[in-house]
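Okay, so the sequence shown: first residue is 1 according to the UniProt record's numbering, each after it adds one. Where is the CB? At the ideal position from N, CA and C, for every residue including glycine.
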Amino acid sequence: MQINQKLVEKFFAGQCTAEEARMVSKFLEEPSNREIYLNPSEWEDFVVEEKVSEEISNRIYVNVLDQIHEKKEAKRVKLKYLAYAASLVIVFSAGWLVYKVKPEPKVELSEVAKQTQKQPLVKVATFYTNTSNAKRTYTLPDGTVVELNPNSEVSFLPFDEGKRDVKLTGEGLFRVHKDKTKPFTVYANNLATTALGTVFRITAFKKGIFTKVNLIEGKVVVRPQNILELKGVQTVYLTPGKSFTVNMQTYQAVVTDINVVPTIKVEAAEPSKAIITESAINFDNESLSGVFNVLETKLNIQIKYNANQISKKVFTGQYEFGRDDADSFLKMLCELNNLVAEKTDAGYTIKTVNTKAKQAMHN
Numbered sequence: 001m002q003i004n005q006k007l008v009e010k011f012f013a014g015q016c017t018a019e020e021a022r023m024v025s026k027f028l029e030e031p032s033n034r035e036i037y038l039n040p041s042e043w044e045d046f047v048v049e050e051k052v053s054e055e056i057s058n059r060i061y062v063n064v065l066d067q068i069h070e071k072k073e074a075k076r077v078k079l080k081y082l083a084y085a086a087s088l089v090i091v092f093s094a095g096w097l098v099y100k101v102k103p104e105p106k107v108e109l110s111e112v113a114k115q116t117q118k119q120p121l122v123k124v125a126t127f128y129t130n131t132s133n134a135k136r137t138y139t140l141p142d143g144t145v146v147e148l149n150p151n152s153e154v155s156f157l158p159f160d161e162g163k164r165d166v167k168l169t170g171e172g173l174f175r176v177h178k179d180k181t182k183p184f185t186v187y188a189n190n191l192a193t194t195a196l197g198t199v200f201r202i203t204a205f206k207k208g209i210f211t212k213v214n215l216i217e218g219k220v221v222v223r224p225q226n227i228l229e230l231k232g233v234q235t236v237y238l239t240p241g242k243s244f245t246v247n248m249q250t251y252q253a254v255v256t257d258i259n260v261v262p263t264i265k266v267e268a269a270e271p272s273k274a275i276i277t278e279s280a281i282n283f284d285n286e287s288l289s290g291v292f293n294v295l296e297t298k299l300n301i302q303i304k305y306n307a308n309q310i311s312k313k314v315f316t317g318q319y320e321f322g323r324d325d326a327d328s329f330l331k332m333l334c335e336l337n338n339l340v341a342e343k344t345d346a347g348y349t350i351k352t353v354n355t356k357a358k359q360a361m362h363n
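Rendered as structure tokens:
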């Protein structure tokens, strides 16, 4: 049987036999044949609605006569339009795909179709910016503590996909919370500094001549990127007490010794015995109120407590940056003193444990 314009029009008018319909649809599988009847740009107004089984497809006809304009030219365009549509809905193995014009009601999509139409989730970055004249402390979602110098900023996306990536502009001290499954990397001035759990300081101002990485504790690897890599700057592994410096004008890099920062005593709200180094807070027979005050200052958290309830309680121990986090440390501290730390939107509230209720639970 010869395929011609008349037979194609008959096909879309729903006047073909099942055998004629099969032949026309097979004919329209060829791209060259499709182009005779439709400009590809005219396809945009059609959407997929559902699949039809092969058994039913023999009886399906697409009746479009009511959709065609009375004018002959408009009719020819519409016929070409639908011919192209039909060619794309040919069943290759499992049946025919039925297409409809958009203005008609849409059939509910299957769950599989809905999944394919889901838009990718947009990740939102978090920014911590220090516009003050003093250092500011921020705690990241993983427990890492960042001490930002004035005019400095860190930003990061959610820590997932097995990594913790942070971007730094300015200067900051990072006390990285240890997590062997998620390396912690700081990107600054085309340097990527990666650590698993350590303490280091990075200086990377946009207009600064030098970019520096000072390692206080642990071990880090510093990798050049972009222009620094092109200029021949090499990857280096730093050990504690070492500093990696890059001249951002000449691209010369050097590793030198740094002076160990002396221990610093923190002035709390009340006289405190706490000694703070770059890597830890050391408490020696410290009152609990003093411990809470120091933690508030260094971890940038809020801790509410009743001073009368803890007036005779003391603590000797160490909060190690990178190893400890506020949740676990406060839980340990409270369990030792018959207290409980309730986490709130603002921070933590310290309460006494009901002794009678606790004994009843044990019994």
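Residue 22 sits in a helix when the DSSP states are folded into three classes. Counting only the Cα atoms, residue 325 lies some 12 Å from residue 179.
Residue 287 sits in a strand when the DSSP states are folded into three classes. Sorting 334, 286, 123 and 158 by C-alpha distance to the C-alpha of residue 140 places 158 at the top. With a 10 Å radius around the Cβ and a threshold of 16 neighbouring Cβ atoms, residue 210 comes out exposed. If only uninterrupted beta strand (DSSP E) runs of at least 3 residues are considered, those enclosed by the region 141 to 195 are 145 to 148, 152 to 156, 164 to 175, 184 to 188 and 191 to 195.
Counted as a single uninterrupted DSSP element, the stretch harbouring residue 215 is not any alpha helix (DSSP H) but the beta strand (DSSP E) occupying residues 210 to 217. Closest option to residue 292, judged by alpha-carbon separation, among 329, 278, 232 and 220: 329.
Secondary-structure assignment with DSSP links residue 280 through a beta bridge to 320. Just measuring C-alpha positions, the residue of 11, 192 and 306 sitting nearest residue 223 is 192. Between the region 298 to 313 and the region 327 to 346, the count of Cβ pairs shorter than 8 Å is three or higher; the stretches touch. Separation of residue 237 and residue 161 (C-alpha to C-alpha, rounded to the nearest whole angstrom) is 25 Å. Under the DSSP assignment, residue 310 falls outside any beta strand (DSSP E); it carries neither an H nor an E label. The Cβ-Cβ distance between residue 155 and residue 167 falls below 7 Å. By the neighbour-count criterion, in which a residue is buried when 16 or more other Cβ atoms sit within 10 angstroms of its Cβ, residue 18 is exposed. Rounded to the nearest whole angstrom, the C-alpha separation of residue 172 and residue 227 is 23 Å.
Boundaries of the beta strand (DSSP E) around residue 238: 236 to 238. The residues 281, 301, 303, 319, 326, 329 and 330, in chain order, have a CB closer than 8 Å to that of residue 295 in the same chain once the five nearest residues on each side in sequence are set aside. Under the DSSP assignment, residue 12 falls in the alpha helix (DSSP H) whose first and last residues are 5 to 12. In the same chain as residue 165, and ignoring 5 residues on each side of it, the C-beta atoms closer than 6 Å to its own belong to 185, in chain order.
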